[in-house]
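One point on numbering: in this note's numbering, the residue at position 18 of the sequence shown is 1396, and numbering is uninterrupted.
Read through the structure below, which is laid out as C-alpha cells, and then see the notes.
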Amino acid sequence: MEPAPRPVRAEDAPALRAFFQALEAERCPFLLEGGLPTTPDSVEDLVQGFLEEPRSALWVVERDAGVVGLAQFAPHAHPQQRHWGHLALAVLAPWRGRGLGRDLMAAFLAWAGGVDGLRHAAVEVFATNAPAIRLYERFGFTRDGVKRAAARVGEDFVDILLLSRRVDTLGK
Ligand SMILES: CC(C)(COP(=O)(O)OP(=O)(O)OC[C@H]1O[C@@H](n2cnc3c(N)ncnc32)[C@H](O)[C@@H]1OP(=O)(O)O)[C@@H](O)C(=O)NCCC(=O)NCCS
C-alpha cells in the first residue's frame, strides 16, 4: 500500500526542501513566485515552528521520489482569531490528478476536527486555479469573497478567491 499523508518529522527537512525547490522550479502560474522556503534555514524554521505549535499542521505525502505533496495549516495566534487559520495544499506536477490532494485534504480535516477550539479553515486561491477551487469546493469550502486583481501574473492581474469551511464537528 502507498504511504498515507503524515505529520512532518525533523529529519524530513532535506526532503521537504527538495519538494519546495521542485515546486518553485515548476513556475506554477497559481503560486506567487519566490514565495516558498527553499533555503535549508527557512525549511528548518518551518519544520521547527510546526513541531512547537500543536495547533498547526505540516503534513507530507511520500512516494519513492521523496516528498511529493504537502498540506500546511497555520492557525491565527490572536485570542480573538485562534478559532481559524489558513490552509494550503500542493502536490508536485507529475503526481497531480492521482488523488493525493484528496488524501491530504481528508487527513487535514480528520485532524482539524479534533483540535481544541478550531472552527474554521480558510484558503486563498488564484481565481484561475480551477483544479484547486474544485478540490476545495468538493470538500465543502464555500466562497467568502474576492481580492480583486490581487496578484500579477505576467501582464495579467488575477483575482484571489477566499474560501472557508467549518472544521469542527458542529459544522460538518
Ligand atoms: C490543487 C492540487 C493540490 C490538487 O492536487 P491533486 O493531487 O492533483 O488532486 P486530486 O488528484 O486529489 O484531485 C482532487 C480533486 O481536485 C480536482 N482536480 C484535480 N485536478 C484537476 C484538474 N486538472 N482540473 C480540474 N479539477 C481537478 C478535482 O475536483 C478532483 O476530484 P475529482 O477528480 O473527483 O473531480 C494540485 O493541483 C496542486 O498542487 N496545484 C499546484 C499548487 C496549488 O495550486 N495549490 C493550491 C494553492 S491554494
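All residues carry an ideal CB built from backbone N, CA and C; glycine is no exception.
Quick caveat: nothing in here was measured; it's all calculated off a predicted structure.
Here residue 1405 carries a coil assignment [DSSP, helix/strand/coil].
Counting only beta-carbon distances shorter than 7 Å to the non-hydrogen atoms of ligand 1, the qualifying residues in chain order are 1406, 1408, 1409, 1447, 1466, 1467, 1468, 1469, 1473, 1474, 1475, 1476, 1477, 1478, 1479, 1480, 1481, 1501, 1502, 1503, 1507, 1508, 1509, 1510, 1512, 1513 and 1516. Rounded to the nearest angstrom, the Cβ distance from residue 1540 to residue 1522 is 5 Å, consistent with a contact under 8 Å. When DSSP reads this structure, residue 1437 sits in a beta bridge with 1385 and 1449. Judged by DSSP in its simplified three-state form, residue 1545 adopts coil rather than helix or strand. In the structure shown, the three-state DSSP call for residue 1481 is helix. The alpha carbon of residue 1414 has as its nearest neighbour, out of 1399, 1427 and 1482, the alpha carbon of 1399. Under the DSSP assignment, residue 1412 falls outside any beta strand (DSSP E); it carries neither an H nor an E label.
The residue from 1469, 1432 and 1444 with its alpha-carbon nearest to that of residue 1455 is 1432.
Unbroken beta strand (DSSP E) runs of no fewer than 3 residues, entirely contained in the region 1484-1512, are found at 1498-1504, following chain order.
In terms of CA proximity to residue 1448, 1466 leads the group 1408, 1498, 1460 and 1466. The beta-carbon distance between residue 1438 and residue 1386, rounded to whole angstroms, is 5 Å. This is short enough to meet the 8 Å contact definition. For residue 1475, the secondary structure class from DSSP, reduced to helix, strand or coil, is coil.
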